[in-house]
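Peer 1:
There are 4 protein chains.
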Amino acid sequence: MEIGMVGLGRMGANIARRIMRAGHDCVVYDVNPASVEALVEDGATGAGSLAELVSTMSSPRAIWLMIPAGLTGGVVEELAGLLAPGDILIDGGNSNYRDDVRRAASLKDRGIHYVDIGTSGGVFGLERGYCLMVGGPDEAVAAIEPILQAIAPGEGDVARTPGRDGELAPEERGYLHCGPSGAGHFVKMVHNGIEYGVMAAFAEGLNILENADAGIREAEHSAEVAPLEEAEFYQFDIDTAKVSELWRRGSVISSWLLDLTAAALHANPALDGLAGRVSDSGEGRWTVKAAVDIGVPVPVLAASLFERFASRDEDRFANQVLSAMRQQFGGHVERPVGDVLEAGARKAD
Amino acid sequence: MEIGMVGLGRMGANIARRIMRAGHDCVVYDVNPASVEALVEDGATGAGSLAELVSTMSSPRAIWLMIPAGLTGGVVEELAGLLAPGDILIDGGNSNYRDDVRRAASLKDRGIHYVDIGTSGGVFGLERGYCLMVGGPDEAVAAIEPILQAIAPGEGDVARTPGRDGELAPEERGYLHCGPSGAGHFVKMVHNGIEYGVMAAFAEGLNILENADAGIREAEHSAEVAPLEEAEFYQFDIDTAKVSELWRRGSVISSWLLDLTAAALHANPALDGLAGRVSDSGEGRWTVKAAVDIGVPVPVLAASLFERFASRDEDRFANQVLSAMRQQFGGHVERPVGDVLEAGARKAD
Amino acid sequence: MEIGMVGLGRMGANIARRIMRAGHDCVVYDVNPASVEALVEDGATGAGSLAELVSTMSSPRAIWLMIPAGLTGGVVEELAGLLAPGDILIDGGNSNYRDDVRRAASLKDRGIHYVDIGTSGGVFGLERGYCLMVGGPDEAVAAIEPILQAIAPGEGDVARTPGRDGELAPEERGYLHCGPSGAGHFVKMVHNGIEYGVMAAFAEGLNILENADAGIREAEHSAEVAPLEEAEFYQFDIDTAKVSELWRRGSVISSWLLDLTAAALHANPALDGLAGRVSDSGEGRWTVKAAVDIGVPVPVLAASLFERFASRDEDRFANQVLSAMRQQFGGHVERPVGDVLEAGARKAD
Amino acid sequence: MEIGMVGLGRMGANIARRIMRAGHDCVVYDVNPASVEALVEDGATGAGSLAELVSTMSSPRAIWLMIPAGLTGGVVEELAGLLAPGDILIDGGNSNYRDDVRRAASLKDRGIHYVDIGTSGGVFGLERGYCLMVGGPDEAVAAIEPILQAIAPGEGDVARTPGRDGELAPEERGYLHCGPSGAGHFVKMVHNGIEYGVMAAFAEGLNILENADAGIREAEHSAEVAPLEEAEFYQFDIDTAKVSELWRRGSVISSWLLDLTAAALHANPALDGLAGRVSDSGEGRWTVKAAVDIGVPVPVLAASLFERFASRDEDRFANQVLSAMRQQFGGHVERPVGDVLEAGARKAD
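Chains as they are written, first to last, in this note's numbering: chain A, 3 to 351; chain B, 3 to 351; chain C, 3 to 351; chain D, 3 to 351.
(1) For MET135 of chain C, write down the residues that DSSP places opposite it in a beta bridge.
(2) What does the Cβ neighbour count give for GLU316 of chain B, buried or exposed, with the cut at 16 atoms within 10 Å?
(3) Pull up the distance between the alpha-carbon of LYS244 of chain D and that of GLY184 of chain C, whole angstroms please.
(4) Got a sec: which bits of the segment 239-271 of chain C sit with their beta carbon under 9 Å from any beta carbon on chain A, in order along the chain?
(5) May I ask you to list the residues that DSSP assigns as paired with SER257 of chain D?
(6) If we count Cβ pairs, one from each stretch, closer than 8 Å, do we get three or more for the segment 73-91 of chain C versus the segment 169-189 of chain C?
(7) Using only CA atoms, which one of D:LEU248, D:ALA320, D:GLY165 and D:ILE5 lies nearest to ILE149 of chain D?
(8) Comparing the C-beta of VAL323 of chain A with each C-beta of chain C, is any distance below 8 Å?
(9) Given that ALA312 of chain A touches chain C, what residues does it touch there, using C-beta distances under 9 Å?
(10) Can you list, in chain order, the residues of its chain with a C-beta nearer than 7 Å to that of GLU157 of chain B? Leave out the 5 residues immediately preceding and following it.
(11) Chain C beta carbons: is any one of them nearer than 8 Å to that of ARG318 of chain B?
(12) Determine, using beta carbons only, whether PRO164 of chain C comes closer than 8 Å to chain B.
(13) Could you tell me whether the Cβ atoms of ALA18 of chain B and GLN330 of chain C are closer together than 8 Å?
(14) What residues from the segment 197-213 of chain A come within 8 Å of chain D, judged by C-beta to C-beta, listed N to C?
(15) In the DSSP output, what is ALA64 of chain B paired with across the bridge?
(16) Please tell me whether LYS349 of chain B has its Cβ less than 8 Å away from any Cβ of chain A.
(17) Are the segment 295-311 of chain A and the segment 292-300 of chain C touching, with three or more C-beta to C-beta distances below 8 Å?
(18) Spatial neighbours of MET22 of chain B within its chain, please: CB distance less than 7 Å, with the 5 preceding and 5 following residues excluded, ordered by chain position.
(19) Look at GLY2 of chain A and VAL160 of chain A and say whether their C-beta atoms are less than 8 Å apart.
(20) With DSSP run on the structure shown, which of helix, strand or coil describes GLU1 of chain C?
(21) Taking 8 Å as the CB-CB cut-off, is VAL290 of chain C touching chain A?
(22) With a cut-off of 8 Å, does the C-beta of LYS230 of chain D fall near any C-beta of chain C?
(23) Can you tell me whether SER51 of chain D is buried or exposed, with buried defined as 16 or more other CB within 10 angstroms of its CB?
(24) Between the alpha carbons of GLY48 of chain D and LEU55 of chain D, how many angstroms are there, rounded?
(25) Quick one: what's got a C-beta closer than 6 Å to ALA106 of chain B's C-beta in the same chain, skipping five residues either side?
(26) Return the residue from the list D:LEU211, D:ARG318 and D:ALA24 that minimises the CA-CA distance to MET3 of chain D.
(27) Drop a sphere of 10 angstroms on the beta-carbon of ALA36 of chain D, count the other beta-carbons inside from all chains shown, and report buried for 16 or more, exposed for fewer.
(28) Quick one: what's HIS115 of chain D bridged to in DSSP?
(29) Closer than 9 Å, Cβ to any Cβ of chain A: which residues of the segment 156-181 of chain D, in chain order?
(30) So what does DSSP say about ASP27 of chain A, is it helix, strand or coil?
(31) Since THR121 of chain A contacts MET13 of chain A with CB under 8 Å, what's their CB separation in whole angstroms?
(32) Quick one: what's MET7 of chain C bridged to in DSSP?
(33) Going along the chain, which residues of its own chain have a beta-carbon closer than 8 Å to the beta-carbon of GLU344 of chain A, five neighbours each way excluded?
(34) Taking contact to mean at least 3 C-beta pairs separated by less than 8 Å, is the segment 264-282 of chain C in contact with the segment 188-199 of chain D?
(35) Is GLY207 of chain D buried or exposed, if buried means 16 or more other CB atoms sit within 10 Å of its CB?
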């Protein structure tokens, strides 16, 4: 079948390539003509504008947007004016599912189908395929199923879940119609919320291993922390690159994120050059807000989000308040206190 | 080579079987004669007591203990009296690494080598192999390397980490000498701490998906929670079994724990019959305590542990205190308050 | 001056009484005629409807709403149709500050001033006075300052903050103009978010004290938890009612919430009859969502909110998932495992 | 009665002064002769060594140690050799309660009573009195009760808890015999654990208020955070010094820690000169470890401890791991990503 692709960044371009490899036709557009050019060389039909893309395609059209979430609203609006009833507009980017709910309702009035697709796979997706979480009306999702099959990883070499047999279900091929409009991005949002938690679990654990030599370093230990108790139990100089490689084989926590961690630590064991200021995209935040809305406790997911905030010093004023309080009630000055020999003066808090 | 195996529960028996499959000899003992019998049928030499096991083996001996952590101290003590200098005692169970540090020092005085091995792999280990985290003196670890290779998964079908080439390193075969005595169980402890965090991330995320229909259920919603705001955004009836299956293919969070989750939800989508009282073994606790000792922040790992405590109602008194406070300051009674129509009375906190 | 009071629940009625005690006139209305009657006996002028209340008052009017947040929107709408330019509408309830921002903008178009006031004080406010956090345009806030002074606690017996001298600032009298529309309820929202955190800190700490006898109770200890290590250090039978009373005098954590805790525990030391299902009103949730929006880490405030969710079993599905995972990877069954004597079988995770 | 005071830092000296003000006799010693001198001027009897202090006092002696926890063990040992059966040794410092349990058992063998006292009060204790949490044998605690009464705040101006009447209980005078040896420091430990949580609740809440102008600052907003959504709701320029002053009057969260916060913010509204590297003493750590031991969930107390660790960059390696992972799976580079205009490339996670 024919599909339009708007947005030819790394992900959009690679998705288009997977679609073409499966034998479908792609009409492509990007604000950057060079990106269009590159895809045309790979066999796509190029378009110089959204209008040209729409006019080039035959009805009913299916157009996949793969653009930054901040731009999606405007492009949807522009395309809505160009499309005809029966056409399908697909948002494969990282939109907030709430925007899907609103956009789907608005487009429905004009007879245009709206499908939201959460896409996971990262830089490896071209070869591995992309995991697709789909929301939207049954009819539209069914119409684009060949495209979903082309993009998804398929069965791959993942062992079949015990108890499943017969024909492969869509979720076993790597795509799933999760529910009505918004459901795709909702599931993707939670996916990313989980991802934050899993990443944090590994990061915290590796940080313990990295500091398992605290008893050796004790002599140089900053006086601003409480003195290390039982230093004899923290005498390990652990090689975190080797450990993360080890865990990839046979351990309960083997996972793709661990594969990546092992690769990163092998390439750069001391993680030199990384400041550890960890960005966050919207999904982790939306996940926590959704959980709060519906009253579901998510201490782990929230903690993993807050760690990222703190990594960027967003906890600064809070920490200053704590230091200021400590000065007030205990006369604690914010500096190494270990050298204060004055008996009994120190910790009256 | 020859190895003694003490403790023939599921894990000990399966490890012995993997060792024999690799062509080594096993002398086995368990308090339960039937367990010994079963291994003898598989080719092992049985022993009726620890003393018999020791006398049956030739020097220098290597004896692997695979027994509950609570019993290890006594058995080590008993074996210490039976073994000779140069023998190697291996604790492959779930001991606290601090016990390793103490036991190794004590046995060293008698010339006995002590090796601690953290073992991960669960019920699938017989076929998949076990991931082995090893602590102890170089000489002793080198001596048992053939056994470690027999038990470990080997290279398997895990893709090689980019940048690694040449001969496979031990960690690429599934075992690693992590450091001196205690290092093996220390790394295993942190492994389990991470496991708790990863499990919690999945559990919390799936709980959000399970409750994404809160807007549909709003009518029956308990009055004791704040009323759901923006119910229109929580209208999704998500199939968590299908979603967890989906994520196994191509998504960033694909992992063995996800495989197990998909299997569990496929077999029992509503998780009927599970009360959700989640046990914890020692490792999760020791991980948090170690982090506190060395001053490493582990909000995610700690939260995942505390969730388990709370799942068993260990938060009861705290919650009663909160209810009691609320009664005091706001006249809040602990019951549905939504039916109180009295204007303005409700939330003066 | 004259003020209208709509909503004569406990808080509305008591606020009206404090206003009248200060020599001002109150015109009052409630859907419940008996509530109006009670205030009339105390000297207020009663009204049988919003329209009557408005027509009874002279221009420019100032009308204070003290009604459940869910009803505020409708009443504001109705009053907007009855009021005249220059009138002041005050929302003293627990509205979301976002509603204030919207309502203020809408009313401004009609020339009506809107003032949002967060009110803290609970059941003790009639005698103690209410702490008032005020948002709105300067002119309107200035106009109602005599009323704010009547309701607020005034200087009271609170020691003056070191460095402050001269005439008392408004915040030293218990009211503060925090900023434009919404600022009052925003500050009140954060106040309640802090309150959740403080309450949780006390509740968790008291729970530790309550269980400081775990070493004594060890024999009956449930097998589903890890065995208590070092039971000799948990042999304390602490009287939490006495301890909370003690801390009221001279300790760093003396506070009004501690006063209430001491009162609650003195009246009911075992907290009999409290199920510990802790409700939450909107403010705690809004606080966490606001922090997420602006990227401020609030692990403590969020944890205190999630504890309340969990106290109502909103963590049920997550915990079931955890139990299901454990069954899968370790063959752990969800029941006491301590009686399993099978060697080595137990914890292969 | 007569009491010996060892350690004349700020707290030891002030406690000695309160004792003398109440009419008791103090024999004092400190390693710093000037500190002894100062107390002698205030009426104490000075001693030049522990031996001289012991020989100066009449039997049975009661000696109060107010020295850094790290030195207590040695001094107890030295004094044990000097004291006679029936003497009482009091540790009023910040010892770990576990040390009390051990020391009390050891001293009991020599007939010496050991009393552990947790002391709260900080720099204000001289005037306000100190809150005393006492552990030890009944006989010894009874013997020193006059001293406890002298040091404790007494009834003060704290309102009596409803339901209490008749003679004041010890806890209403500011001291309490909490249980056997260790109970005093155990209760003090939990007190400090709670303190950490309460402090964090205030600090986090004030951080939200401080950043309530995020919508105004949005233009300069770092690209490394997700773009602020709904900036119109974060337009508040809140004066945190005034708000903390306000809350002292009539609000639910009025407390001594709030008094201190208001004082600190009044003196230094922007908290200039504070780096926000927050120290922690041992009690917060011991509290979390005790909770973990007995299986009590303390997410809030633990989070408040971990925030302090993170404030000192102890989360560095964890954050580097997160950045490294993000580079791997999404090609995210650790720098402002907002300027990347490439369509669709950005967030494939």
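By construction, the Cβ of each residue, glycine as well, lies at the ideal position given by its N, Cα and C atoms.
Peer 2: Reading it off the structure:
(1) C:GLY120 and C:LEU178
(2) Flag for GLU316 of chain B reads buried.
(3) 17 Å
(4) VAL254
(5) C:SER257
(6) no
(7) D:ILE5
(8) For VAL323 of chain A, not one C-beta of chain C is nearer than 8 Å to its own C-beta.
(9) What ALA312 of chain A touches in chain C: PRO299 and PRO301.
(10) LEU170, GLU174 and ARG175
(11) yes
(12) no
(13) no
(14) GLU197, MET201, ALA202, PHE204, ALA205, GLU206, LEU208, ASN209, GLU212 and ASN213
(15) B:ILE90
(16) Here LYS349 of chain B scores only 39 on pLDDT, less than 50, and its place in the model is too uncertain to base an answer on.
(17) yes
(18) Contacts found: CYS28, ASP44, GLY45 and ALA46.
(19) Chain A is shown from 3 up to 351; residue 2 of chain A falls before or after that span and cannot be answered.
(20) This structure cannot settle anything about residue 1 of chain C, because the visible part of chain C is limited to 3 through 351.
(21) yes
(22) First, the residue type needs correcting, since residue 230 of chain D is Leu and not Lys in the sequence shown. Output row for LEU230 of chain D: interface = yes.
(23) Counting Cβ neighbours within 10 Å, SER51 of chain D comes out exposed, since fewer than 16 surround it.
(24) 8 Å
(25) Same-chain partners within the cutoff: TYR116 and SER183.
(26) Checked all of D:LEU211, D:ARG318 and D:ALA24; the closest Cα to MET3 of chain D is D:ALA24.
(27) ALA36 of chain D should be labelled exposed.
(28) D:ILE90
(29) none
(30) strand
(31) The Cβ separation is near 7 Å, so the contact holds.
(32) C:VAL30 and C:TRP66
(33) Because GLU344 of chain A sits at a pLDDT of 33, beneath the cut-off of 50, its placement in the model cannot be relied upon, and the following sentence gives the value as read from the coordinates. Same-chain partners within the cutoff: there are none.
(34) no
(35) buried
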